[in-house]
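Heads up: the sequence shown at position 12 corresponds to 157 in my numbering, and the numbers run straight through without jumps. Note that the Cβ used here is the ideal one computed from N, Cα and C, for glycine as well. Shown next, in structure tokens, is the structure this report addresses.
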Amino acid sequence: MNRTVATLCVGLVALLGDHVVAQNSLPRVVRAVADNFTHGAVGLLSWHIVTVHLADLSVTARLWEVLLCGLLASAIDLDHFAAARSLRIEDALRLSSRPFLHCTSVPLAVSGIMVMVAHIFCWPSLHRLSWIFVVAILSHHLRDAARRGLWLYPFGSIPPIPSAVYIVSCMLLPHLLPWLGWRT
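In structure tokens form, the structure reads like this:
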């Protein structure tokens, strides 16, 4: 799948996921699972866009990286269970505040430190992993920002962003990595 098609798929997956999540007639658990699946699919497609042009990356390595990014984008929601101190999805859905991995500044700071360590110690695999984290985190947080805004500790939160802005942002994210410092 080329970059253009994959980019359009990011937007389509986000729209379809939002449509399912908005169906109040569906059980809350079903909507939560659909939301989480959408996070994973957007992350997966986003990293595919990043790696599709890399001739030096084997198909197997590309597949593992793409799957990892999707898994990480989805796994961010596990912090709901940690914050609820329960494995029951009903408890995880009833939190009064956002859990720690939904703070955009902290995971991005950790990723930034990982990029610096990778650069200092010439560790290319850590460098790549750092950027996979960035894409997973930002794609997840941008989707959530349409409902809750971005939480930028210690500065506070920004208000929710329009759906069209988050969808276009998710579509552009993998194309903006070179300007954010991604180097192949």
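First through last residue of the alpha helix (DSSP H) which encompasses R288
From DSSP, the alpha helix (DSSP H) with R288 extends over 269 to 293.
Does the stretch 293 to 301 come within contact of the stretch 260 to 272, defined as at least 3 CB pairs closer than 8 Å?
Because the criterion of three Cβ pairs below 8 Å is not met, the stretch 293 to 301 and the stretch 260 to 272 do not touch.
For R173, count neighbouring Cβ atoms within 10 angstroms of its own Cβ and tell me buried if that reaches 16, exposed if not.
Answer is exposed; the Cβ neighbour count stays below 16.
Using the three-state DSSP reduction, which class does S302 fall into: helix, strand or coil?
In the structure shown, S302 adopts extended strand secondary structure according to DSSP, grouped into three states.
What is the rounded straight-line gap between the Cα of A290 and the Cα of D163?
Cα to Cα, the separation comes out at about 12 Å.
Expressed to the nearest angstrom, what Euclidean distance is found between the alpha-carbon atoms of A159 and D222?
The alpha-carbon atoms of A159 and D222 are separated by roughly 17 Å.
Of the residues D224, G188, H225, A220, the one placed nearest L208, counting alpha carbons only
Checking every option, the nearest Cα to that of L208 belongs to G188.
Based on the DSSP output, what are the partners of W296 in its beta bridges?
Answer is C248, S302, bridged to W296.
Tell me which residues share the same chain as H198 and place their Cβ nearer than 8 Å to its Cβ, disregarding the 5 neighbours each side in the sequence.
Once the five neighbours on either side are set aside, the close Cβ partners of H198 are R148.
Can you give me the C-alpha to C-alpha distance between P244 and H225, rounded to a whole angstrom?
Note on geometry: alpha-carbon atoms of P244 and H225 lie some 6 Å from one another.
Ends of the alpha helix (DSSP H) at R176?
Its alpha helix (DSSP H) spans residues 173 to 196.
DSSP state of R207, grouped into three classes?
Note: R207 maps to helix in three-state DSSP.
Alpha carbon to alpha carbon, what distance is there between L171 and P252?
Distance between P252 and L171, taken at the CA atoms: about 32 Å.
Report all residues from its chain with a CB closer than 6 Å to the CB of V165; omit the five preceding and five following residues, and keep chain order.
The answer, listed in chain order, is A179.
Within the 8 Å Cβ cut-off, does L317 reach chain D?
Protein chain content of the structure displayed is limited to a single chain, and chain D is not contained in it.
State the Cα-Cα distance for the pair P305 and L217, rounded to the nearest angstrom.
Taken atom to atom, the span from the alpha-carbon of P305 to that of L217 is near 23 Å.
Closest to V184 by C-alpha separation, out of S219, I258, S231, would be which residue?
Per the sequence shown, the amino acid found at residue 184 is His instead of Val. With distances taken between Cα atoms, H184 lies closest to S219.
Is it buried or exposed for L317, if we count other Cβ within 10 angstroms and need 16 for buried?
L317 is exposed by the Cβ-count criterion.
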